[in-house]
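**Student:**
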Amino acid sequence: MSPLVTELYAIRDGIKVGMQWGLPRFDVQSDCLQALKLINGEERGCREVDGIMVEIQRVSSPCARHVIECDLLFSL
1 MSPLVTELYA
11 IRDGIKVGMQ
21 WGLPRFDVQS
31 DCLQALKLIN
41 GEERGCREVD
51 GIMVEIQRVS
61 SPCARHVIEC
71 DLLFSL
């Protein structure tokens, strides 16, 4: 597994933990610029990351529907 994929799994897991704990607001931060660009839609992925990107979108979609309750920050 590449470092990028590993970072994306860590980001996904961070989102899941924040939501499972019922935190009203939480930030997910990363120092991997490529991962952040993929998540923010600034860069296109490849087959290696397609699956995990779908998972990240799936687990973060409740946050998108409840923006007041959950603020995801993808930053350096």
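Just so you know, we're using the UniProt record's numbering here: the sequence shown kicks off at 1 and counts up by one.
The beta carbon of each residue, even a glycine, is placed where N, CA and C say it ideally should be.
1. Quick one: what does DSSP say L33 is sitting in, helix, strand or coil?
2. For the alpha helix (DSSP H) containing E7, name the first residue and the last one.
3. So, for C32: in the same chain, excluding its five sequence neighbours on each side, which residues have a beta-carbon less than 6 Å away from its beta-carbon?
4. Using only the alpha-carbon positions, how far apart do V59 and I15 sit?
**Tutor:** Well, looking at it:
1. Taking the sequence shown and counting its residues from 1, one reaches residue 33 at position 33. The answer is helix: DSSP assigns L33 an H, G or I state.
2. Here residue 7 is taken as the residue at index 7 of the sequence shown, counted from 1. 3-20 is the span of the alpha helix (DSSP H), which, as asked, contains E7.
3. The count along the sequence shown starts at 1 and reaches residue 32 at position 32. Within the same chain, Cβ atoms closer than 6 Å to the Cβ of C32 are found at E7, the five residues on either side in sequence being excluded.
4. Counted from its first residue, the sequence shown places residue 59 at position 59. Counted from its first residue, the sequence shown places residue 15 at position 15. Straight-line spacing of the CA atoms in V59 and I15 works out to 7 Å.
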